[in-house]
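Beneath this line is the structure, given in structure tokens, with notes to follow.
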Amino acid sequence: MYTLYPRFDAQPSDPALLGEAAGNELLKEVTDLTSKGHRMDVGEYIPFRRSLRFNTPQSRRPARRRRGLQDTAPEYESEGSSGFCSDVLATFASQLRCLFPCCGPRRVEDEKLWFGFAMTRGVRNIYLRVVRQHPIVSMIVWSVLFLCETTMVAIYLWQVSGVAEGATWNSFTEEELGLCFCISSALSILLLSQLIFAYSFTPFTIVVVLVTTIYQIVLLFMALVFGLTWASRMYVPMFLRCWPMRQYFLFLLDSVAMLSSSSDRLDVVRLAAPSLSLFLTMVFTTACIFQIQQIFSGTMIGTIDSLYFVMATVSTTGFGDVLPQGNIGRMLTIGIIFVFLAKMPSWIVVVVGMVKMLRDFPKYGGPPHHFIVYGHVSQEDAVSILDEVFKLYPTRSVCFCNASFPRDVLSLGGHPNYRMRSTFMVVKVLNKASLHRMRVSEADAVIISPTSDGTAKARDDDVFLSSVTFQRHAPFVQQYLQLRFGTHIKLLEERETMVDQNMRSIMASALILPGIVPFLVNLVRTASSGGSSPASLWSEEGMDNWKDLYEYSRRATFRTFTVPPYFERRPLRDAVYLLKTFNVLVVGVEEGRNRMMILDLDYKLALSDTILVLHESGSDSVDLALRALDPTEGSCGSMTGCDRSEQWEARMASPAADASAQSGSRGDVPDAEVEELGAVGIDSASLIYPFNPSFEVPTGSNEEVPCLGTECDNSPGKTSPVAMQGHKGKANVSLPNSVALPKGTITSVLDMQVERLRRRLLGEDFVVKCFGDVSLSRLPLGGSLAVLTHLLNWRQAVRSRSEPVESSVERIERQINDILRHVSNEYQCGRSGKAPGENFLFIDHVSSFKQPLLESMYDHYLNDHASRFELVQMMRCIRGIHSRSRVTLLSWQSLSDSFLRQWDSSFEFPLRHIRGSSTMESHLNYAIKESGGAANLRGILIYCSQLSHWDFKDVPLVAVENNIRAILDCHATSEKQQQGVGGGSSRGAEVEQQVMVELKSFKSCISVTPHHADTEWRQRGEVHFQYSLAFMMGRCFSANMLQTIFIHAHRNRCIMKFLNNVLCLHRQGSVFDTGGWNSGDKSDTTLFKVCGNQLLHFQTFGDLFVFLLKHRSWVAIGVFRRFPTSEGLPGVPRYFITNPPMKMPLRVDDVVYALSGVTGAHNRMGC
């Protein structure tokens, strides 16, 4: 299925792809798989391409953009008119309306607007102006009217409570022209004024006001004018005045809202008040009707009893203790039931919705000094933040705020572990009222993230504006911002920021150093770590105990302390030596003067500086180290002052020897081993790098031999210096200055030394004489001359001792055979014509098939520049670890000729650009083939440079990753079949390929991680994804894996500086500064380095630590070790061990990670 290729032999048929560079050499590195003559059916797999076209205005089928304009067209424009005739008719109609305004229909937008209303005249205009311009006056008016209506209802209830038995409509009260009658009549006449703005009422309310007022006035006129005083005893249904009372209550809420600042709770009350007040008013009205009917029927019932009966009836409860009397009462009850059954569902929805909204708009009621997380968070993000806060700050709580939350996030509020210390607040608008609800002035810190998930339109503007709002109302609260892109980074220099775009530097570095993913993640996620190490973990017996070793790495944590007086004016190198003997790893120093993070081993420490270290949490190793190294205390506390000072000066003068003595790991290794190894050039990059060719293979001319040495004496301490291998593999010969050699002498000297070394190797019995189909007599040894000569002399010196150690002799012999085997593999690869260096494949996957309706020019500009900026930065990270690297890009986007030229001039190798789709297996197979083949491909990075939303989240990228692994497995199977069972050695089978995929959610790592046979450990990985990191080998990365760094950074700001320092994020240019991308700057963009032990053969981590520190100025931070074969994991699986002790034994196949401490400006990070 992977042999179907398009016609790749043809050149791109579209010369516009590279502009005027059609005849340039760069054209050979560019292939367009979507051009004519290749795969024309690519549109079927990429459906969004067809949605990019826009028809012309003359087309009968308008496009989406033009259809949106037609939807907002004026009413007078005919739906079918288009073209020239429609334009002429529209112009004529507009001129006609200017001459005769009364002709033709008017457009709504032509009307003059006043406070959001169309122009009005008369009393209504006065009313609107008073309400909008004078809210205090309107609130006073509404209050007076509300009190008047309430008084009339209260008078009615007082009259009903004192009615006598046998009352009728005509004789409801016993007193003629009583006080209640007079007050009700006066209020009725006064409230006639409300008819001025009767249009603001509902029709039913207007009818109620008119009927009750006219009826009361008629009775008053009859009693006073005609002398019919009995009319004042008649019944007046003033309970109906509850309807205008409800209307004035709603007006009062509107006035209060206009006078007060925006309040979420008030908005909820205003939203639910109309429906709830309608329900209560109907209940009160029906209860009064039922009460008066029962009274006129001869059954005395109170107001409370009637309300109780109505509520029990409409709620379908029906206790039966209050019953309607008479047929009329029963028929009235049936009518009440029908009315409320029709309206009850809508009222229930309103009540439930209001209760839910009030629950969503609470006020933070927890303890002060809490954390505020504002923006979109997923469930795994919320759980991670809560766990880290509870672990580091036991008395703190977290308040999550956003416009909306998913259901799974809100469910955490009821979780028994989080409900007491977490609050979820719905904040529609970030204003003063919402900040008051959060109690932001009492907060400990604010973490701000984008308010939506995956939208490109925001472009971090929402984060920037939210930060400004918090800064304005709470300037002293620390802010931590999570940005997608670095466009606003210069405006937010005073705040701690983490840019997701810069996190791709971690993914690029992980292509060579997969262990940095679990290393960084475990440092900022310590909530689920715990336990202790067994006693035999750092012995030979514990080398395969990967579970306890990984748990030990989980317990690594940061700590800072000021420089003690005994380190003042000492180089950082000495502090690293001595503190490491107590298993305390120094990873940086913050200068006290300018607050810059430094990892410069030659830097002189000052008392105002702060040292950042890694140590095992739960142990007192830092305090123990500081006390032991203190000359006033420590191990020499019982000595006199003079003796104590002399011993301290001796220790500081030779920290390497003291470190060796403290570690106790040297054993049978000679004391001069480290010095000898450095002298013969074994610390060169060709031997340090564990994956790629360690020796350049001659192609026929002896002048291309990369390294040259002279004959050494038999004593291991008098080895002659050997020149280091250059970047281009040129020979740098180191000879005494007093010796003047004629031209051609160097070649003859090299030939003699190589032949002499070959005869010595052939004469030794332990040396393997044939490696595959290459014998030792034909093997070129020029590149390994100095190393092999030194090891033979060293073996001879060890055997000449009075009591030789057999383990040392065997180790040296094994190292010699490993080097010869490595040279043989490289020689076979050189004969097969394979290109030197490392090949990497970048796959830019398009994960969104929904194009925006209207894409601005800025969006297009940002998308184009951000994708190229990321590509350049990732390439710089790779070159910082391995300089001879080349990248192949499979992307749907096209690259300009100027960008390809700048790439070629900056990175020495042109960019192989394949324009195609990652969803097509034929395109993937072709990209792997053009990258040097599956056997020579070091790493594959799958990411998405698209700024828009990710459709289906991580599913498409994981699917592409699975397809790539299937293709790689198919290639590996075919190569094995071609070689046969008894074939020669294959270097491709030993290549540790790395496939890195970018994820949106770190929970998706379960889909990428290989399944393990240990059921218990796999279940732990499902609960905490960090346990899955043990099997991930850095195969996937998500930016939110490091989101919890904000929680740790609030405790110690040096942690953010450490991350920025090791990734050199401060040196990355602006997204829009294209000149800064390709300025030809060859400096590293990462401090991470790698060293293999397959040719160095160090026995313990302390030996390698001292060697790298003295001869490479590197600080070893951990070991990337293979899983035992009994675990049955596919490929070459490894796990990372952070900061192991000096006595930990090393394997030959171990890979050590380190941080570069070379003097320079690249390892400095400002605050």
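Residue numbers for the sequence shown follow the numbering used here, beginning at 21 and rising by one. We put the beta carbon where it would ideally sit given N, CA and C, even for glycine. This structure is a prediction, so every number in the text was calculated from the model and none was measured.
For residue i and residue j, I'd like the C-alpha separation in whole angstroms.
i	j	result
L300	R266	9 Å
R664	L646	Low per-residue confidence applies at R664: pLDDT is 46, beneath 50, and the placement is therefore not dependable, though the value from the model is reported in the following sentence. Roughly 16 Å separates the two Cα atoms.
L20	P1144	Summary: the structure shown does not reach residue 20, with the chain confined to residues 21 through 1187, and so no result is reported for it.
T51	K1023	36 Å
G853	S424	Reliability of the predicted coordinates at G853 is poor, the pLDDT of 47 falling under 50, and no value is obtained from them.
G346	S317	8 Å
D1056	K949	A quick correction: the sequence has Cys, not Asp, at residue 1056. Straight-line Cα distance between these residues: approximately 23 Å.
E858	L1115	19 Å
R1132	A806	18 Å
I766	S828	Model confidence at I766 stands at a pLDDT of 46, short of 50, so the residue's coordinates are unreliable and nothing is read from them.
R958	T1179	30 Å
V1015	E981	8 Å
L796	L782	8 Å
R253	I357	32 Å
I66	D974	Low confidence applies here, because I66 scores a pLDDT of 37, under 50, leaving its location unreliable; read the following figure in that light. About 18 Å.
E1036	D568	14 Å
Q998	Y572	44 Å
A555	C964	46 Å
C421	S552	38 Å
I901	M527	13 Å
Ends of the beta strand (DSSP E) at residue i?
i	result
G1138	W1134 to R1142
D52	V50 to D52
S1058	C1056 to S1058
T577	A576 to T582
T1158	R1154 to T1158
A518	Note that residue 518 is Met in the sequence shown here, rather than Ala. M518 -> beta strand (DSSP E) spans E516 to V519.
Quick one: what's residue i bridged to in DSSP?
i	result
V1225	This structure does not reach residue 1225, given that the chain is present from 21 up to 1187, and the question cannot be answered.
N859	R906 and L957
I468	Y394 and L501
C964	BP columns for C964 are empty, so no partner.
G1112	V1171
K996	K996 pairs with nothing; no bridge assigned.
Q1014	G959
Taking the alpha helix (DSSP H) that residue i belongs to, which residues open and close that run?
i	result
A547	Premise fails: A547 is in no alpha helix (DSSP H) and is neither H nor E.
S454	K452 to M458
Y384	First-last for Y384: undefined, no H or E at that position.
K1130	F1121 to H1131
H1068	I1065 to R1071
Among the options, which one has its Cα closest to the Cα of residue i?
i	options	result
V483	P495, Y500 and F496	Y500
A954	Q816, D974, I984 and L811	I984
Q893	R904, W923 and E981	W923
S213	R253, E169, F786 and L260	E169
L167	W178, L248 and R261	R261
V393	F490, W178 and T305	F490
N565	V1172, E1147 and Y1173	E1147
G1122	W558, L450 and N542	W558
M320	A187, T993 and L781	A187
Q1063	F1051, S1176 and Q502	Q502
S469	G349, L627 and D481	D481
D629	S637, E611 and L644	E611
V447	T471, R1142 and S487	T471
Would the stretch 589-608 count as touching the stretch 1158-1165 if we require 3 or more Cβ pairs under 8 Å? yes
Between the stretch 327-335 and the stretch 307-314, are three or more C-beta pairs nearer than 8 Å? yes
Decide yes or no for the touch test of the stretch 1164-1175 against the stretch 1104-1111: beta carbon pairs closer than 8 Å, at least 3 of them. yes
Three or more C-beta pairs closer than 8 Å, one from the stretch 518-538 and one from the stretch 401-412: is that the case here? no
Below 8 Å, how does it come out for the stretch 234-253 and the stretch 146-155: are there three or more Cβ pairs, yes or no? no
For the pair the stretch 358-376 and the stretch 451-460, tell me if three or more CB-CB distances fall below 8 Å. no
State whether the stretch 934-942 contacts the stretch 507-514, with contact taken as three or more CB pairs (one from each stretch) at a distance under 8 Å. no
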